[in-house]
């Protein structure tokens, strides 16, 4: 089942009867969300991307470091005939706070957009899971119906074979009639074996998707009552799809991230300004020139300014690269919109056609 078949599949779900041990499409979908490896992988990727997005904020926050140092020096000189040992212990606490870093601002904004992209990717994985579960669900129902149909054929052909044998015994039919009936029976028997195997394979696929060993889809109620598509206007469905599609949202966010990447590249020509501070404590147990101990405390606060002047045209070429990637992202957005619009129209007309076929078969 593909995306265009999904609306009809979901509509049919509402018409299920309730045999014992059978599960609805929603129940099996919930089971698949907790078991399917592809969905769990997408969920883990989503959580990882959320953490990665938080990392992007670090460039706007203060940083602090603590450094410790200890050393010992021993001097033993034959020339001056003296021996001296002295040491030094120091501790330095340093911190900095970015005041003006446009590249870091763009990076933080990209982190927010990346979190939204991760959510769109998870929604896409969720929709894909719905389609795969629906496909496996209705594959089992279809295979079961096919097997029942073949069994009914087998019963009818079996009666025809028995009748042909009786007629041959009483002389009202030829051996050819009997052999033809036997051939039809053998063919239906082979079809039954194939149908049983197909049903078994379809059930295994559904079990593997949901993590159940006895997944049993609820059969459809008879007669099936399917509501008509509302609104009966394909353009409104296309507009709604474009507004809610995770694929389009992901492409649009990709464009916004690309635009922020251009801002980061352009920030390479701009100055940066940081507030810095440090506090150092140093204790010396003598020195090479004096046996006296002394201690010093040094505190510093300042501003660090940096202005890029020339980087071998790296920044200019980086800007050209990001502008080209922006154009690519715009094309991706347009391609996503066209793809969603086509898929929506295909799904709409597929549902309309399916409803017409159901009505025709009921007549």
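In this note's numbering, the protein residues as written are 5 to 367. Quick reminder that beta carbons are idealized off the backbone N, C-alpha and C, glycines included.
* According to the neighbour-count rule (16 or more other Cβ atoms, all chains shown, within 10 Å of its Cβ), is residue 221 buried or exposed? -> Locating residue 221 in the chain shown gives position 217, where the first residue counts as 1. So residue 221 counts as buried.
* To do: Determine the contact status of residue 95 and residue 70, defining contact as a CB-CB distance below 9 Å.
  => Working through the chain shown from its first residue, we reach residue 95 at position 91. Working through the chain shown from its first residue, we reach residue 70 at position 66. Yes, these two residues count as a Cβ contact at 9 Å.
* **Spatial neighbours of residue 272 in its chain, beta-carbon cut-off 6 Å, leaving aside the 5 residues before and after** => Here residue 272 is taken as the residue at index 268 of the chain shown, counted from 1. The residues are 319.
* Quick one: is residue 298 buried, meaning 16 or more other Cβ sit within 10 Å of its Cβ, or exposed? -> Taking the chain shown and counting its residues from 1, the one referred to as residue 298 is at position 294. Under this definition residue 298 is an exposed residue.
* Can you check whether the CB of residue 97 is closer than 9 Å to the CB of residue 282? -> The residue you call residue 282 lines up with position 278 of the chain shown. The residue you call residue 97 lines up with position 93 of the chain shown. Closer than 9 Å, so yes.
* Given that a residue counts as buried once 16 or more other Cβ atoms are within 10 Å of its Cβ, and exposed if not, what is residue 51? -> Position 47 of the chain shown, counted from the first residue, corresponds to residue 51. With fewer than 16 Cβ atoms within 10 Å of its Cβ, residue 51 is classed as exposed.
* Flag this pair as yes or no: are the beta carbons of residue 68 and residue 99 separated by less than 9 Å? => The residue you call residue 68 lines up with position 64 of the chain shown. The residue you call residue 99 lines up with position 95 of the chain shown. Closer than 9 Å, so yes.
* Applying the criterion that 16 or more other CB atoms from any shown protein chain within 10 Å of the CB defines a buried residue, is residue 161 buried or exposed? -> Mapped onto the chain shown, residue 161 falls at position 157. The residue in question, residue 161, is buried, as its Cβ has 16 or more Cβ neighbours within 10 Å.
* Check residue 317 in the structure and name its three-state DSSP category. => In the chain shown, counting from the first residue as 1, residue 317 sits at position 313. If DSSP states are grouped into helix, strand and coil, residue 317 belongs with coil.
* Asked: Can you give the Cα-Cα distance for residue 158 and residue 120, rounded to whole angstroms?
  -> Mapped onto the chain shown, residue 158 falls at position 154. Mapped onto the chain shown, residue 120 falls at position 116. Taking the straight line joining both Cα atoms gives about 57 Å.
* Taking DSSP as the reference, what is the three-state secondary structure of residue 328? -> For this step, residue 328 is matched to residue 324 along the chain shown. In this structure, residue 328 counts as helix in the three-state DSSP scheme.
* Between which two residues does the beta strand (DSSP E) harbouring residue 304 extend? -> Counted from its first residue, the chain shown places residue 304 at position 300. Unbroken beta strand (DSSP E) run through residue 304: 297-310.
* Between residue 147 and residue 42, is the Cβ-Cβ spacing less than 9 Å? -> Here residue 147 corresponds to residue number 143 of the chain shown, with the count starting at 1. Here residue 42 corresponds to residue number 38 of the chain shown, with the count starting at 1. For residue 147 and residue 42, no; Cβs fall outside 9 Å.
* Asked: Does the pairing of the segment 225-245 with the segment 104-119 give three or more beta-carbon distances under 8 Å?
  -> no
* Helix, strand or coil: how does DSSP classify residue 148 here? -> Locating residue 148 in the chain shown gives position 144, where the first residue counts as 1. Helix at residue 148.
* To do: Let me know if residue 14 comes out buried or exposed under the rule of 16 or more other beta-carbons within 10 Å of its beta-carbon.
  => Reading the chain shown from its first residue, position 10 is the one you call residue 14. Per-residue confidence for residue 14 stands at a pLDDT of 42, beneath the threshold of 50, marking its modelled position as unreliable; no derived number is given.
* Per DSSP, which one or two residues make a beta bridge with residue 285? -> Looking up residue 285 in the chain shown gives position 281. Paired residues: 95 and 301.
* Asked: Taking the alpha-carbon positions, what's the residue 46 to residue 145 distance?
  -> Position 42 of the chain shown, counted from the first residue, corresponds to residue 46. Position 141 of the chain shown, counted from the first residue, corresponds to residue 145. Spanning the two alpha carbons is a distance of roughly 29 Å.
* **Closest residue to residue 203 among 152, 114 and 276 (Cα-Cα distance)** => If you number the chain shown from 1, residue 203 lands on position 199. The shortest C-alpha separation from residue 203 is found at 152.
* Asked: Who pairs with residue 53 in a beta bridge, going by DSSP?
  -> Indexing the chain shown from 1 puts residue 53 at position 49. Looking at the DSSP assignment, residue 53 forms no beta bridge with any residue, so it has no partner.
* Roughly how many angstroms lie between the CA atoms of residue 26 and residue 218, to the nearest whole one? -> Numbered from 1 along the chain shown, position 22 holds the residue referred to as residue 26. Numbered from 1 along the chain shown, position 214 holds the residue referred to as residue 218. Straight-line Cα distance between these residues: approximately 9 Å.
* To do: Taking 9 Å as the cut-off, decide whether the C-beta atoms of residue 223 and residue 366 are in contact.
  => By 1-based counting over the chain shown, the position of residue 223 is 219. By 1-based counting over the chain shown, the position of residue 366 is 362. No.
* Asked: Could you give the residue range of the alpha helix (DSSP H) that holds residue 29?
  -> Here residue 29 is taken as the residue at index 25 of the chain shown, counted from 1. Element bounds for residue 29: 29-37.
* To do: State the CB to CB distance for the pair residue 275 and residue 311, rounded to an integer number of angstroms; the pair is presumed to be in contact (CB under 8 Å).
  => Counting from one through the chain shown, the residue named residue 275 turns up at place 271. Counting from one through the chain shown, the residue named residue 311 turns up at place 307. Correct: roughly 4 Å between the Cβ atoms.
* To do: Taking 8 Å as the threshold, find out whether the segment 253-261 comes into contact with the segment 134-141 through three or more Cβ pairs.
  => no
* For residue 154, does the count of other Cβ atoms within 10 angstroms reach 16, so buried, or fall short, so exposed? -> Position 150 of the chain shown, counted from the start, is the residue given in the question as residue 154. It counts as buried.
* To do: Please state whether DSSP places residue 66 in a helix, a strand or coil.
  => The sequence position of residue 66 within the chain shown is 62, counting from 1. Coil, per DSSP.
* Nearest-angstrom Cα distance between residue 323 and residue 241? -> If you number the chain shown from 1, residue 323 lands on position 319. If you number the chain shown from 1, residue 241 lands on position 237. C-alpha separation (whole angstroms): 39 Å.
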